[in-house]
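The structure under discussion appears below in the form of structure tokens.
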Amino acid sequence: MSQLVQVAVGVVINANQQILLSLRAAHQHQGGRWEFPGGKIEAHETPQQGLTRELHEELGVQVQSAEPLCCITHTYPEKQVALNVWWVTGFSGDVEGKEGQAWRWVPAKDLSQYQFPDANTPILRAIEKKLGLTGP
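For the sequence shown, numbering that gives the first Met the number 0 begins at 0 and goes up steadily by one.
Okay, structure coming up:
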């Protein structure tokens, strides 16, 4: 089995209860699917530092407030990832795809209409629970 890849993921939510998604490039692992922005955590970083750096590098936003949402380990045939997922409620800057990626704000209730990497299924459940979108 390959080494576990540590990843910081941001569920960025705005005042209108919309969540920021970005589209993975076709040549990437799980390419052509929508994802919550983030990326690999560097060896010298905490998960929150990695989150802050990745969201700035990818989308030009500065994280101002975030709290842990969930941690997920998922095994794909070609790699294993540990997703450190953060609920980002405060940020500054205008979103732009600094790596050429498409992005959009999506109402939380509409997330099920998008195709995500397999590892993101537990994140979707955590969002539903956080926002009270699930039944009793």
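Note that CB positions come from ideal geometry on N, CA and C, so glycine has one too. Predicted model only: the values in this text are computed from it and were never measured.
Annotated three-state conformation of Leu132 is coil, per DSSP. Of the candidates Leu68, Ala24, Leu3, Val60, the residue whose Cα lies closest to the Cα of Glu127 is Leu68. When only Cα atoms are considered, Glu77 and Cys70 end up about 20 Å apart.
Between Leu50 and Ala65, the CB-CB gap stays under 9 Å. Of the residues assessed, Asn119 falls on the buried side of the cut-off, its CB having 16 or more other CB atoms within 10 angstroms. Here the C-alpha atom of Ala42 lies approximately 17 Å from the C-alpha atom of Glu56. Annotated as proximal: Pro36 and Leu58, with beta-carbon spacing under 9 Å. Here Pro106 is exposed: its Cβ has fewer than 16 other Cβ atoms, across all protein chains shown, within 10 Å.
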